[in-house]
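In this note's numbering, the protein residues as written are 35 to 370. Think of the CB as a built atom: it goes at the ideal place given N, C-alpha and C, for glycine as much as any other residue. Remember, predicted model here, so these are calculated numbers, not experimental data. In what follows, a structure is listed as structure tokens, so that the remarks can point back to it.
Set out below in structure tokens:
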């Protein structure tokens, strides 16, 4: 290792050595041309070389110690580096900065992995529930004839729950490469909500809940990703339908423009969220008081909605009160 460091030192200082020696030769040549009778050339040349050797030895010692430590650092991450020059100090600062960034990235990846594993475990558990219920329904059907329509309806409900869980899992997987699957452009919010409402027409009818669009615009364009924004809309409409039990209830969708922002509010007349749960509703797997009474609650939907909105640059606010309904407001940037 010592020889290789010395070879590296000579390579790094080659230009300096050549420049120094050329300077000495130039001075001697200048003196000779000025006074051809002067014969003492080797004396000043020897003094110059002597000082060069002394300087190179001192500089080489610093170079050797520092690079020896760097090579040890490649083998042992806990090795210490002791800089002796400003240049070496800058190198050490850069190494320390890179180490801090690497540790931060590693910690983030570890936390993300833990979160993904927790999500996967929770998700698989919720996948099993509809499958078990469907199996139980089919077993009962063999014992109880004449209730085919009831059993088919229940099977459809469980199949719908299963599809929702699968879609949530796929959404979580796609979010790992969100930036590669992102296309921000002008999207018509009015058309997006009408499309989402039409797709859930049977759910609205089944729960006796009615959508109301409160918007004075025929079209309203905002900057977002159409596909990811649809997932966001679907999640909040699904929650509004799910927790708006009761005949004649309405789900209102209002839109207004404030400066360069578009505020969209999804307002339901449902059971509402207790004040002690409101600050935790975006936590993964948190179902709260309402989730204990709703078997279909997974605690995943709002967590995914928050992550999607953050990545899209949309802000979310939720206001709610027990038996007073819930208002979800999404803030978009309008197309300029």
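- Query: DSSP three-state call for residue 299: helix, strand or coil?
  - Reply: Here residue 299 refers to the residue found at position 265 of the chain shown. Three-state result, residue 299: strand.
| query | Taking C-beta to C-beta, are residue 254 and residue 297 nearer than 8 Å? | reply | Taking the chain shown and counting its residues from 1, the one referred to as residue 254 is at position 220. Taking the chain shown and counting its residues from 1, the one referred to as residue 297 is at position 263. Against a cut-off of 8 Å, the Cβ pair of residue 297 and residue 254 comes out as no contact.
Expected contact under 8 Å - CB spacing of residue 352 and residue 315 to nearest Å: Taking the first residue of the chain shown as position 1, residue 352 is located at position 318. Taking the first residue of the chain shown as position 1, residue 315 is located at position 281. Taking C-beta atoms under 8 Å as the contact rule, residue 352 and residue 315 qualify, at a distance of about 7 Å.
With residue 357 as the anchor, note down where its alpha helix (DSSP H) starts and where it stops.
Residue 357 sits at position 323 when you count from the first residue of the chain shown. Premise fails: residue 357 is in no alpha helix (DSSP H) and is neither H nor E.
Can you list, in chain order, the residues of its chain with a C-beta nearer than 6 Å to that of residue 217? Leave out the 5 residues immediately preceding and following it.
By 1-based counting over the chain shown, the position of residue 217 is 183. These residues qualify, in order along the chain: 259.
- Message: Tell me which residue opens and which closes the beta strand (DSSP E) that residue 252 is part of.
- Response: The residue you call residue 252 lines up with position 218 of the chain shown. Counted as a single uninterrupted DSSP element, the stretch harbouring residue 252 is not any beta strand (DSSP E), since DSSP gives it neither H nor E.
Give the secondary structure of residue 364 by DSSP, where H, G and I count as helix, E and B as strand, and everything else as coil.
Sequence index remark: in the chain shown, residue 364 carries index 330 (1-based). Reduced to three states, the DSSP call for residue 364 is strand.
Worksheet item: What are the start and end residues of the alpha helix (DSSP H) that includes residue 45?
Response: As a working mapping, residue 45 is identified with position 11 in the chain shown. Per DSSP, residue 45 belongs to the alpha helix (DSSP H) from 36-68.
Going by DSSP in three states, residue 119 sits in which element: helix, strand or coil? The sequence position of residue 119 within the chain shown is 85, counting from 1. Three-state result, residue 119: coil.
Does the region 192-208 come into contact with the region 241-250, if we say contact requires no fewer than three beta-carbon pairs (one atom in each stretch) closer than 8 Å?
no
*Alpha carbon to alpha carbon, how far is residue 237 from residue 133?*
Locating residue 237 in the chain shown gives position 203, counting from the first residue. Locating residue 133 in the chain shown gives position 99, counting from the first residue. Their backbone Cα atoms lie some 53 Å apart in a straight line.
(request) Let me know the secondary structure DSSP gives residue 114 once reduced to three states. (result) Here the question's residue 114 lines up with position 80 in the chain shown. Coil at residue 114, not helix or strand.
Review point. Which class does residue 257 belong to by DSSP, given the choice of helix, strand or coil?
Key: Position 223 of the chain shown, counting from 1, holds the residue named residue 257. If DSSP states are grouped into helix, strand and coil, residue 257 belongs with the strands.
_First and last residue of the uninterrupted alpha helix (DSSP H) at residue 239_ = Within the chain shown, residue 239 is the residue found at index 205, counting from 1. Taken as a continuous stretch (DSSP letters only), the alpha helix (DSSP H) holding residue 239 covers 235-240.
In terms of alpha-carbon separation, which member of 146, 84, 362 and 226 lies closest to residue 285? Walking along the chain shown from the start, residue 285 turns up at place 251. Residue 362 is the option with its Cα nearest to residue 285.
_Output needed for residue 239: all residues of its chain with C-beta closer than 6 Å, excluding positions within five of it in sequence on either side, in chain order._
Along the chain shown, read from residue 1 onward, the residue named residue 239 stands at position 205. The answer is none, since no qualifying residue turns up.
Next item on the list: Below 6 Å CB to CB, which residues in the same chain sit around residue 334 once its five sequence neighbours on both sides are set aside?
Entry: Locating residue 334 in the chain shown gives position 300, where the first residue counts as 1. These residues qualify, in order along the chain: 202.
Rounded to whole angstroms, what is the Cα-Cα separation between residue 37 and residue 138?
Translated into the one-based positions of the chain shown, residue 37 becomes position 3. Translated into the one-based positions of the chain shown, residue 138 becomes position 104. Approximately 37 Å between the Cα atoms of the pair.
Item to check | Beta carbon of residue 39 nearer than 8 Å to that of residue 126 | outcome: One-based indexing of the chain shown puts residue 39 at position 5. One-based indexing of the chain shown puts residue 126 at position 92. Result no, Cβ atoms of residue 39 and residue 126 do not sit closer than 8 Å.
- Three-state secondary structure (DSSP) at residue 222? The residue you call residue 222 lines up with position 188 of the chain shown. Strand, per DSSP.
Check: In the structure shown, what three-state DSSP assignment does residue 245 receive?
Finding: Taking the chain shown and counting its residues from 1, one reaches residue 245 at position 211. Three-state DSSP puts residue 245 in a strand.
Worksheet item: Candidates 282, 278 and 195: which alpha carbon is nearest residue 307's?
Response: On the chain shown, residue 307 is found 273 positions in, with the first residue counted as 1. For residue 307, the nearest C-alpha among the options comes from 278.
Of all the options 93, 153, 97 and 59, which has the alpha carbon lying nearest to the alpha carbon of residue 82? Against the chain shown, residue 82 aligns to sequence position 48. Comparing Cα positions, the closest option is 59.
Cβ neighbour criterion (16 or more within 10 Å) applied to residue 100: The residue you call residue 100 lines up with position 66 of the chain shown. Answer is buried; the Cβ neighbour count reaches 16.
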